[in-house]
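Engineer:
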Amino acid sequence: MREGISGVVNIIENDVKAIAVKEFKAPYDKNRATYLDYENEVTTLTILSSYENDLPFEVSTILEHDLYNAREHSSDPIGFISMSALHAPLTGRELSAEAECIYKNQAVEAGKAVAKLHNIEISLKDAQKLKRNPVDVKVDFLKNHPMADQNKELIDDIVQKLRGMGGEKVFVHNDFHASNLFVDSMKGKIEAACDFCYAGMGIRELDFSFYTNYRDEFVGGYESISPNVLNTHNLDVMKAMELVFMKLNTDLELKDALDKLE
Ligand SMILES: Nc1ncnc2c1ncn2[C@@H]1O[C@H](COP(=O)(O)OP(=O)(O)OP(=O)(O)O)[C@@H](O)[C@H]1O
Ligand SMILES: [Mg+2]
Numbered sequence: 001m002r003e004g005i006s007g008v009v010n011i012i013e014n015d016v017k018a019i020a021v022k023e024f025k026a027p028y029d030k031n032r033a034t035y036l037d038y039e040n041e042v043t044t045l046t047i048l049s050s051y052e053n054d055l056p057f058e059v060s061t062i063l064e065h066d067l068y069n070a071r072e073h074s075s076d077p078i079g080f081i082s083m084s085a086l087h088a089p090l091t092g093r094e095l096s097a098e099a100e101c102i103y104k105n106q107a108v109e110a111g112k113a114v115a116k117l118h119n120i121e122i123s124l125k126d127a128q129k130l131k132r133n134p135v136d137v138k139v140d141f142l143k144n145h146p147m148a149d150q151n152k153e154l155i156d157d158i159v160q161k162l163r164g165m166g167g168e169k170v171f172v173h174n175d176f177h178a179s180n181l182f183v184d185s186m187k188g189k190i191e192a193a194c195d196f197c198y199a200g201m202g203i204r205e206l207d208f209s210f211y212t213n214y215r216d217e218f219v220g221g222y223e224s225i226s227p228n229v230l231n232t233h234n235l236d237v238m239k240a241m242e243l244v245f246m247k248l249n250t251d252l253e254l255k256d257a258l259d260k261l262e
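The numbers in our numbering rise by one with no breaks, and the one at position 234 of the sequence shown is 234.
Structure, rendered in structure tokens:
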């Protein structure tokens, strides 16, 4: 989980409605990524609520949101968003072998869903409000990784490739992975998606950084809705980025294991 963001969502049930509350924790500082995360999730969910009929899946609506009056350098939460709760089961990260068929189908459905998300015609006015550059988010993740210093050349190289990707800009979720998707486990249908804090206007391939094991199914589902729009070079860059992350995470695990021995 990214440092500074609370991954905990408390779902509060009452007789009126169920709500989920997401807190953003970091020292209060407008330049900090967490502030941008908070601001971007509020903006994105607000905009998406006006495209309700075009959305391929349920998205929570904001019931209330606020920036706390936290003091500078305090570790208090900087803000919260209370939103309607999503109720379909959340997809886990681990995919068991027996479930292979179900998950393949789910990857196809996820591909179809994200293609439909990209097809939403966002007005110019709304697009201008979505100020966060989705590539900057990915670059930020790479550069702030705990193993970044030890892998500087590798990161500089992939960052250059990410920045070099071109193409038509559409609305991208930018963190489209199983743990942010709510799925009907029998049909594999994507019922809902959460975590829109990294979303924005960017090229389609940015939503292809996950689904490593079922990439062909994911791409197949996508192309059944939107054929001939994906750029192979950009898909390869995303694949390379995924491999860089895997290396960084493995390095970190190794370092942690060695540190424990000392
Ligand atoms: N509206 C919602 N209704 C129900 N559950 C939700 C809702 N929003 C988020 N969740 C649950 O809370 C988890 C964390 O929320 P979210 O992904 O938005 O936060 P995050 O701080 O970015 O955490 P992470 O780094 O784990 O992705 C989700 O994976 C999901 O299980
Ligand atoms: Mg999440």
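Note that the Cβ used here is the ideal one computed from N, Cα and C, for glycine as well.
Are the CB atoms of Leu130 and Gly202 within a distance shorter than 7 angstroms?
Structural biologist: On the sequence shown, position 202 is the one that residue 202 refers to. On the sequence shown, position 130 is the one that residue 130 refers to. No; because the gap between Cβ atoms is not below 7 angstroms, this pair is not in contact.
Engineer: In terms of DSSP beta bridges, what is His177 paired with?
Structural biologist: Along the sequence shown, read from residue 1 onward, the residue named residue 177 stands at position 177. Bridge partners of His177: none, in fact.
Engineer: So does Met179 have its beta carbon nearer than 6 angstroms to some heavy atom of ligand 1?
Structural biologist: Taking the sequence shown and counting its residues from 1, one reaches residue 179 at position 179. What sits at residue 179 in the sequence shown is Ser, not Met. Yes; taking the cut-off as 6 angstroms, the Cβ of Ser179 has a heavy atom of ligand 1 nearer than that.
Engineer: In the DSSP assignment, the alpha helix (DSSP H) including Asp126 goes from what residue to what residue?
Structural biologist: Counted from its first residue, the sequence shown places residue 126 at position 126. It spans 124 to 129 - the alpha helix (DSSP H) in which Asp126 sits, taken as one unbroken run.
Engineer: Excluding sequence positions up to five away, which residues of its chain have a Cβ less than 7 angstroms from the Cβ of Asn180?
Structural biologist: For this step, residue 180 is matched to residue 180 along the sequence shown. Only Ala193, Cys194, Asp195 meet the Cβ criterion.
Engineer: Determine the extent of the alpha helix (DSSP H) in which Glu153 is found, giving its start and end residues.
Structural biologist: Your numbering for residue 153 matches position 153 in the sequence shown. Counting along the chain, the alpha helix (DSSP H) containing Glu153 begins and ends at 152 to 163.
Engineer: Does the Cβ-Cβ distance between Glu205 and Met246 come in under 7 angstroms?
Structural biologist: For the purposes of this step, residue 205 is taken as the residue at position 205 of the sequence shown. For the purposes of this step, residue 246 is taken as the residue at position 246 of the sequence shown. Their beta carbons are not under 7 angstroms apart, which means Glu205 does not touch Met246 by this criterion.
Engineer: Which parts of the stretch 21 to 71 are runs of the beta strand (DSSP E), unbroken and 3 residues or longer, counting only runs that do not cross its ends?
Structural biologist: Here the runs fully enclosed are 62 to 67.
Engineer: Count the other C-beta atoms from every protein chain shown that fall within 10 angstroms of the C-beta of Met83, then say buried if there are 16 or more, exposed otherwise.
Structural biologist: As a first step, residue 83 must be located in the sequence shown, where it is residue number 83. So Met83 ends up on the buried side.
Engineer: Can you give the beta carbon distance from Ala33 to Asp156, rounded, assuming they're within the 8 angstroms contact cut?
Structural biologist: Taking the first residue of the sequence shown as 1, we reach residue 33 at position 33. Taking the first residue of the sequence shown as 1, we reach residue 156 at position 156. That pair is no contact at about 20 angstroms.
Engineer: So what's Leu230 in DSSP terms, helix, strand or just coil?
Structural biologist: Numbered from its first residue, the sequence shown carries residue 230 at position 230. Leu230 falls in the coil class under three-state DSSP.
Engineer: Under 6 angstroms: does the beta carbon of Asp140 sit that close to some heavy atom of ligand 2?
Structural biologist: Translated into positions along the sequence shown, residue 140 becomes position 140. Not under cutoff, so the answer is no.
Engineer: Distance check for Val244 and Glu261, CA to CA, integer angstroms please.
Structural biologist: As a first step, residue 261 must be located in the sequence shown, where it is residue number 261. As a first step, residue 244 must be located in the sequence shown, where it is residue number 244. First, the residue type needs correcting, since residue 261 is Leu and not Glu in the sequence shown. C-alpha separation (whole angstroms): 26 angstroms.
Engineer: Applying the criterion that 16 or more other CB atoms from any shown protein chain within 10 Å of the CB defines a buried residue, is Gln106 buried or exposed?
Structural biologist: Your numbering for residue 106 matches position 106 in the sequence shown. Answer is buried; the Cβ neighbour count reaches 16.
Engineer: Rounded to whole angstroms, how far is the Cβ of Ile81 from the Cβ of Lys22, which I believe are closer than 8 angstroms?
Structural biologist: Reading the sequence shown from its first residue, position 81 is the one you call residue 81. Reading the sequence shown from its first residue, position 22 is the one you call residue 22. Sure, about 5 angstroms apart at Cβ, within 8 angstroms.
Engineer: Could you please give the first and the last residue of the uninterrupted alpha helix (DSSP H) stretch that includes Gly221?
Structural biologist: One-based indexing of the sequence shown puts residue 221 at position 221. First-last of the alpha helix (DSSP H) with Gly221: 215 to 225.
Engineer: Rounded to whole angstroms, how far is the Cβ of Ile122 from the Cβ of Phe171, which I believe are closer than 8 angstroms?
Structural biologist: By 1-based counting over the sequence shown, the position of residue 122 is 122. By 1-based counting over the sequence shown, the position of residue 171 is 171. The pair is a contact, with the Cβ atoms about 5 angstroms apart (cut-off 8 angstroms).
Engineer: If you follow the beta strand (DSSP E) that Pro77 is part of, which residue opens it and which one closes it?
Structural biologist: Mapped onto the sequence shown, residue 77 falls at position 77. Pro77 -> beta strand (DSSP E) spans 77 to 84.
Engineer: Spell out the partners DSSP gives Val170 in its beta bridges.
Structural biologist: Counted from its first residue, the sequence shown places residue 170 at position 170. DSSP output for Val170 lists Gly202 as bridge partner(s).
Engineer: Can you tell me the Cα-Cα spacing of Ile158 and Glu13, whole angstroms?
Structural biologist: The residue labelled residue 158 in the question sits at position 158 within the sequence shown. The residue labelled residue 13 in the question sits at position 13 within the sequence shown. Rounded to the nearest angstrom, the two C-alpha atoms are 44 angstroms apart.
Engineer: Leaving out five residues before and five after Pro56 in sequence, what residues of the same chain have Cβ atoms less than 6 angstroms from its Cβ?
Structural biologist: Locating residue 56 in the sequence shown gives position 56, counting from the first residue. Cβ neighbours of Pro56 beyond the five flanking positions: Ala113, Lys116, Leu117.
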